[in-house]
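S.K.:
Written out as structure tokens, the structure reads:
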């Protein structure tokens, strides 16, 4: 047997993964890769999240398609080389780009972004295209800094100030010690800290009723967007992020939220995943694989 034979044998497997469902024509599932980390750097964070979207989408598409038949579009909206000299113009152009993609009917839209600043163009585009939204943000930080510069720590203040009553924000997994007092000023949000959630879920052993209560209080006329800043997840399970969380949400809780979201959203689902930094993952890419399998179960099961 030669290496050519080995490669030929491996190539035969390519039709068994989700990647074989990727098409250039219209598809029910849209994956948007926004691989730029300038917003993280402007917020004083570690470089590397610009590579996150490509790694996450690659790990997801490697997984077995089994009986799943929905076609998938994978579109890159920006990369680490995209000029961001004028960050406001950059965000606005990203919003316009995404809004154009939302014109077509989809069952699921998945947005992989570098920093959490990329949630701004996603939600801005959804509001402009679909109307009022409720955002469930899984995060250790509110990302509502009242800074002069836009960055990965300001998107929800930007969105709330611009869209006012057209956006409700539910913040899940917050640490008070990781948020300055000014982050809370002037914004009406629902906020639940990790410590509060521990009490309500018996230390994350009984998540169902708590999670269902989140969805039951959302108005039926609003589009629900699920945003995950991966630094919400406990660092023992998710070390490859911009800011490692020593007391975060367990992956089991994250998976429960995703599956509950699937059950509660009757039309297009919108999921944003941000702040994964592959430079700090291990050789087995365990952080990327954990996130990919969570999305796989959401899409395929």
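Numbering (this note's numbering), first residue to last: 62 to 362. Just so it is clear, CB atoms sit at the ideal spot from N, CA and C, and this is done for glycine as well.
DSSP on residue 113, reduced to helix/strand/coil?
M.R.: Translated into the one-based positions of the chain shown, residue 113 becomes position 52. Residue 113 falls in the helix class under three-state DSSP.
S.K.: Does DSSP put residue 139 in a helix, in a strand, or in coil?
M.R.: Position 78 of the chain shown holds residue 139. Residue 139 falls in the strand class under three-state DSSP.
S.K.: Using the Cα positions of residue 211 and residue 184, report the straight-line distance between them to the nearest angstrom.
M.R.: Taking the chain shown and counting its residues from 1, the one referred to as residue 211 is at position 150. Taking the chain shown and counting its residues from 1, the one referred to as residue 184 is at position 123. Using only the alpha carbons, I get a separation of about 16 Å.
S.K.: Would you kindly check if the distance between the Cβ of residue 288 and the Cβ of residue 180 is under 7 Å?
M.R.: As a first step, residue 180 is located in the chain shown; it is residue number 119 there, counting from the start. As a first step, residue 288 is located in the chain shown; it is residue number 227 there, counting from the start. A contact, by the Cβ cut-off of 7 Å.
S.K.: Using three-state DSSP, classify residue 180 as helix, strand or coil.
M.R.: Taking the chain shown and counting its residues from 1, one reaches residue 180 at position 119. Residue 180 falls in the helix class under three-state DSSP.
S.K.: Can you tell which of 89, 327 and 151 has the C-alpha that lies nearest to the C-alpha of residue 95?
M.R.: By 1-based counting over the chain shown, the position of residue 95 is 34. Nearest C-alpha to residue 95: 151.
S.K.: Since residue 338 contacts residue 109 with CB under 8 Å, what's their CB separation in whole angstroms?
M.R.: Here residue 338 corresponds to residue number 277 of the chain shown, with the count starting at 1. Here residue 109 corresponds to residue number 48 of the chain shown, with the count starting at 1. About 4 Å; that satisfies the 8 Å criterion.
S.K.: Helix, strand or coil: how does DSSP classify residue 325 here?
M.R.: Taking the first residue of the chain shown as position 1, residue 325 is located at position 264. Looking at residue 325 - three-state DSSP - the assignment turns out to be helix.
S.K.: Return the CA-CA distance between residue 140 and residue 111, expressed in angstroms with no decimal places.
M.R.: Stepping through the chain shown from its first residue, residue 140 is reached at position 79. Stepping through the chain shown from its first residue, residue 111 is reached at position 50. In a straight line, the C-alpha of residue 140 is about 7 Å away from that of residue 111.
S.K.: Along the chain, where does the alpha helix (DSSP H) containing residue 219 start, and where does it finish?
M.R.: Looking up residue 219 in the chain shown gives position 158. 216–224 is the span of the alpha helix (DSSP H), which, as asked, contains residue 219.
S.K.: Which of the three DSSP states is assigned to residue 289 in this structure?
M.R.: Taking the first residue of the chain shown as 1, we reach residue 289 at position 228. If DSSP states are grouped into helix, strand and coil, residue 289 belongs with the strands.
S.K.: Would you call residue 62 buried or exposed, if buried means 16 or more other Cβ atoms sit within 10 Å of its Cβ?
M.R.: Working through the chain shown from its first residue, we reach residue 62 at position 1. Exposed: under 16 other Cβ atoms inside 10 Å.
S.K.: Find out if the Cβ-Cβ distance for the pair residue 248, residue 221 is shorter than 7 Å.
M.R.: Residue 248 sits at position 187 when you count from the first residue of the chain shown. Residue 221 sits at position 160 when you count from the first residue of the chain shown. Yes, these two residues count as a Cβ contact at 7 Å.
S.K.: Using beta-carbon positions only, say whether residue 144 and residue 158 come within less than 7 Å of one another.
M.R.: As a first step, residue 144 must be located in the chain shown, where it is residue number 83. As a first step, residue 158 must be located in the chain shown, where it is residue number 97. Not a contact, by the Cβ cut-off of 7 Å.
S.K.: Determine the closest residue to residue 135 out of 218, 161 and 119, with distance taken between C-alpha atoms.
M.R.: As a working mapping, residue 135 is identified with position 74 in the chain shown. The shortest C-alpha separation from residue 135 is found at 119.
S.K.: List the endpoints of the continuous beta strand (DSSP E) containing residue 10.
M.R.: Examination of residue 10 is not possible in this model, given that the chain is present from 62 through 362 alone.
S.K.: Measuring only the C-alpha atoms, how far is residue 322 from residue 64?
M.R.: On the chain shown, position 261 is the one that residue 322 refers to. On the chain shown, position 3 is the one that residue 64 refers to. Answer to the nearest angstrom: the Cα atoms are 46 Å apart.
S.K.: Can you name the start and end residues of the beta strand (DSSP E) that residue 253 belongs to?
M.R.: Indexing the chain shown from 1 puts residue 253 at position 192. Looking at the DSSP string, the run of the beta strand (DSSP E) that includes residue 253 is 251–254.
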